[in-house]
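Novice: Be aware that the sequence shown starts at 2, since it is given in the working numbering, and climbs by one per residue.
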Amino acid sequence: MPNQRYVNRMYCLMQMGYWGMLGSFTAFQSAILLDRGFSSGDVGVFLALGCLSGMVSMPLIGNWADKHPEVPVKWLFVGLLVPTLVINFAFFFTRPGWWGTAAVFLLLGVLETNSFPLIDSMAMQFINAGVDIQYSLGRGLGAFAYALICVIEGQQTARFGIQTAMLTHGVLIVAMMGIVSLFPQFPREALVPAEERKATHSALQVLRANPPFTLMLFGAFFGMIAIMPIPNFMVTMIGDLGGDSGHLGLAQFLMAASELPGAFLVQKFYRRYGSEKVVLVSLAFMIVRPALILASGSLAMLLLVQPIQMLGYGLFTPVSTYFTNENVAPEDRMQGQSLKMVITTGFGSMAGNLISGWALDIGGIPMMLTICIVSGCIGLCLGILAVQVRRRQAA
């Protein structure tokens, strides 16, 4: 087994590389599209298409990886990043129309968004083998890297133009490929022998086998509808209050940087209260976030409320990984992580972006945020129901 300290250092670096890479594009993708003349409704459709394509591909890749554990996950990861790099620069140097842009976001959804469950699975392989991986610390440092890239790139785009965000994105894709290549490979001798492996199950079988797990995921789905569109349409909120792309970068920094202290809170809360209760806390703050933004009446106040992200998405991302690892059979864990991403971040982002883009065009920011608040309330109710069902099963 590789040295534990080295594995942890590389895992933290990989989380930082991934979230820095992702933030360099996703934090500015709406602004890039609006700068190319697309409407808010168009932006919502493009972002939803990216989520949809990732939802289709993630369970397929996760199921394949569960069936072929002898194939190192890190090389599967690198294989997804190579075409991502090509598509990024093709999009930068061209100006495709509506359908061409839709195709770009479909492909990026399959290739780049799909990478995150693989990172989780790489950590869980070592954790399940007894290696103490500091997952929450890595996730917090990843959020900080996302924040740092956003504020730097905000100044970059304010000076050189919003389209230059894709140049930074390309550089960070190359850096990420190097980091993943250096991450320690899980030892083949530690894998369960082929003849002792249990058969994997379909996504539907995994969901049917554990109703509380499924209910909690659908609660998180509604929670994601409440919060995921906010960063994507932050450019509109800031523009309405007189800000520019520099303020957009600062807002993204304040939002993402708050997840670093949240990573330390997760470990404390998880050990004391368990994953289910911490997920419920995160769902509650997915209601608070859009409510505070709706109450913001100035650019300064909008910026000040961004750190509330720490107790919503900041708690949910790491604790949901532990929650999934605890509630899915060992032979289906990689697919379980993919399902978690599909139902929560995937379906939630797709539905949230579509609904929010439509709401912005019809009723503006207030209508969009009101829908987010209502969706968050539904998510919390489903989460509470999931805990009650599990308690009845345990009785």
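For every residue, glycine included, the Cβ atom is placed at its ideal position computed from N, Cα and C.
The structure presented is a predicted model; accordingly, all values stated were derived computationally and were not measured.
Output the boundary residues of the alpha helix (DSSP H) element that contains S40.
Specialist: Here S40 belongs to no alpha helix (DSSP H), and DSSP marks it neither H nor E.
Novice: Going by the beta-carbon positions, is the gap between V152 and G250 smaller than 8 Å?
Specialist: Against a cut-off of 8 Å, the Cβ pair of G250 and V152 comes out as a contact.
Novice: What's the gap between the Cα of V343 and the Cα of V329?
Specialist: Roughly 15 Å separates the two Cα atoms.
Novice: By how many angstroms is the C-alpha of L35 removed from the C-alpha of L304?
Specialist: Cα to Cα, the separation comes out at about 22 Å.
Novice: For K269, count neighbouring Cβ atoms within 10 angstroms of its own Cβ and tell me buried if that reaches 16, exposed if not.
Specialist: The residue is exposed, with fewer than 16 neighbouring Cβ atoms inside 10 Å.
Novice: Drop a sphere of 10 angstroms on the beta-carbon of N4, count the other beta-carbons inside from all chains shown, and report buried for 16 or more, exposed for fewer.
Specialist: Exposed.
Novice: Three or more C-beta pairs under 8 Å: does that hold for the segment 152 to 162 against the segment 81 to 89?
Specialist: No contact exists between the segment 152 to 162 and the segment 81 to 89.
Novice: Leaving aside the five residues before and after V44 along the sequence, list all residues of the same chain whose C-beta is less than 7 Å from its C-beta, in chain order.
Specialist: Correct list, in chain order: S31, L34, L35, G358.
Novice: Check whether the segment 169 to 185 and the segment 13 to 33 touch, using three or more Cβ-Cβ pairs below 8 Å as the test.
Specialist: With a cut-off of 8 Å, the segment 13 to 33 and the segment 169 to 185 count as touching, because enough Cβ pairs lie within range.
Novice: What residue range does the alpha helix (DSSP H) around N328 cover?
Specialist: Element bounds for N328: 314 to 328.
Novice: Which term fits P213, buried or exposed, when burial requires 16 or more other beta carbons within 10 angstroms of its beta carbon?
Specialist: That one is buried.
Novice: Quick one: is T95 buried, meaning 16 or more other Cβ sit within 10 Å of its Cβ, or exposed?
Specialist: Exposed.
Novice: Do I294 and I356 have their CB atoms nearer than 8 Å?
Specialist: Result no, Cβ atoms of I294 and I356 do not sit closer than 8 Å.
Novice: Out of Q186, I379, N354, F29, which one is the CA nearest neighbour of M399?
Specialist: Limits of the chain in this structure are 2 at one end and 396 at the other, which puts residue 399 out of reach.
Novice: Could you check if V306 is buried or exposed, using at least 16 other CB atoms within 10 Å of its CB as the buried criterion?
Specialist: Label assigned to V306: buried.
Novice: Please classify F161: does DSSP put it in a helix, a strand, or coil?
Specialist: In the structure shown, F161 sits in a helix (DSSP, three-state: H, G or I).
Novice: So the candidates are V87, M22, S122; which of them puts its Cα closest to the Cα of K341?
Specialist: Taking only the C-alpha atoms, the option nearest K341 is S122.
Novice: As a quick exercise: from F39, L53, W20, pick the residue whose alpha carbon is nearest that of A352.
Specialist: Considering only alpha carbons, the answer is L53.
Novice: Output needed for Q126: all residues of its chain with C-beta closer than 8 Å, excluding positions within five of it in sequence on either side, in chain order.
Specialist: Only V74, F187 meet the Cβ criterion.
Novice: According to the neighbour-count rule (16 or more other Cβ atoms, all chains shown, within 10 Å of its Cβ), is V8 buried or exposed?
Specialist: With 16 or more other Cβ atoms within 10 Å, it is buried.
Novice: On the CB-based measure, 16 or more other CB atoms within 10 Å of its CB, does N129 come out buried or exposed?
Specialist: Burial call: exposed.
Novice: Take the Cβ of F265 as the centre, count every other Cβ of all protein chains shown within 10 Å, and call the residue buried at 16 or more, exposed below.
Specialist: When all chains shown are included, F265 counts as exposed.
Novice: When the Cα atoms are used, what is the spatial distance from A195 to N233?
Specialist: Annotation note: pLDDT 48 at A195 (below 50); position unreliable, coordinate value reported separately. About 44 Å.
Novice: Compute the Euclidean distance between the alpha carbons of F254 and A395, then round it to the nearest angstrom.
Specialist: If I take the Cα positions, the gap works out to 42 Å.
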